[in-house]
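Anchor point for the sequence shown: position 27 equals 27 in the UniProt record's numbering, and the numbering is continuous, going up by one each time. Let me begin by presenting the structure, written as structure tokens, before commenting on it.
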Amino acid sequence: MKDVYKYLPGYRDVHIKELRSGSVIVDHDVIVEAEYQQDLPITEQYSGILGLVNAALEELKEIECNGTQFCVSPRIQVNVSIPQSETDRCNERSGPGFQEFYEPFVTDTALICVSSCSHLSSQHLECNNGHCQLYNNTGPTCLCSDTDKYLYTSSECRGRILKSGLYGGVGAAIAILVVIIATIVFFLFRLANKKSLDFILNSESSWYEENDNEWSVERGFTNMTEALDDTDRASSSQGSSSARERFKADLENVDTQVVVKIQRPEISTA
């Protein structure tokens, strides 16, 4: 039997499982070794080797059995046992909960199963300032270093920020914001007070202007009512003219040197 299969690529041995009487029936296994290849899966290699075994057996069927040569019956039976694929072997070794996070990787010497934390994996998780940890069912997770001193802006430990610098900057920004708000409030308060003061002054000025013609001085004013005759007085008493028309101030005749004396008011106890 060894002579039949010795030309197969990767042939190692023939294992005789059983010999039965009569016409000799040999139940045997052909042991062939195949190397894992990056560009050729093991299942495809097995299919190629199986095709060579069938071809060798077909050649034996064509030989006439005359008692001197080794021959086989045309009713030969080949049992196919498909080997595990690279992925199946890794799933078997990784265990439940981790299977989807492992994948096969073929090196120059062997097949290895790498996790998603390995740089050899096609789904490699890069943890920049930390290390990768694989958890059951949840998969790879980045554990960032020095978390007591730094904050990170991403789950992959990117964007490391010093905590003390961040807190100091935030505090300074808050202080500046408070100063700006206080300054704005101060100027708004001053503006409101200025508008209120201007309103009061304008109101007083308007009051003085409206009542200016009602003030009189002993000298410098001409009392137009003295020039009115009795008829004018009668007509004036009937309300034919307004108070402003009955009393007009002649400012051109005002003597600015006149000293106005006002009698001090006395409090009556009666």
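Glycine included, every Cβ here is placed at the ideal spot set by N, Cα and C. Remember, predicted model here, so these are calculated numbers, not experimental data.
Item, Value
"Residue 164 in three-state terms, based on DSSP", "helix"
"CB of residue 121 within 8 Å of CB of residue 103, strictly", "yes"
"Three-way DSSP call (helix, strand, coil) for residue 111 in this model", "strand"
"Straight-line gap, residue 114 to residue 93 (C-alpha atoms, nearest Å)", "11 Å"
"Reduced DSSP secondary structure (H/G/I, E/B, other) of residue 147", "coil"
"Minimum length 3: unbroken beta strand (DSSP E) runs contained in the segment 7-66", "11-20 and 25-32"
"For residue 125, three-class secondary structure by DSSP", "coil"
"Cβ contact check for the segment 151-159 and the segment 123-133: 3 or more pairs under 8 Å", "yes"
"Residue 104 - partner residues in DSSP beta bridges", "113"
"Assigned exposure category for residue 152 - 16 Cβ within 10 Å defines buried", "buried"
"Residue from 160, 29 and 97 with nearest C-alpha to residue 53", "29"
"Option in 48, 146, 38 and 135 with minimal Cα separation from residue 291", "Limits of the chain in this structure are 1 at one end and 270 at the other, which puts residue 291 out of reach."
"When 1, 12, 10 and 31 are compared against residue 19, the one with the closest alpha-carbon", "1"
"Test item: CB-CB of residue 26 and residue 16 under 8 Å", "yes"
"Straight-line gap, residue 83 to residue 162 (C-alpha atoms, nearest Å)", "54 Å"
"Reduced DSSP category for residue 142 - H, G, I as helix; E, B as strand; rest coil", "strand"
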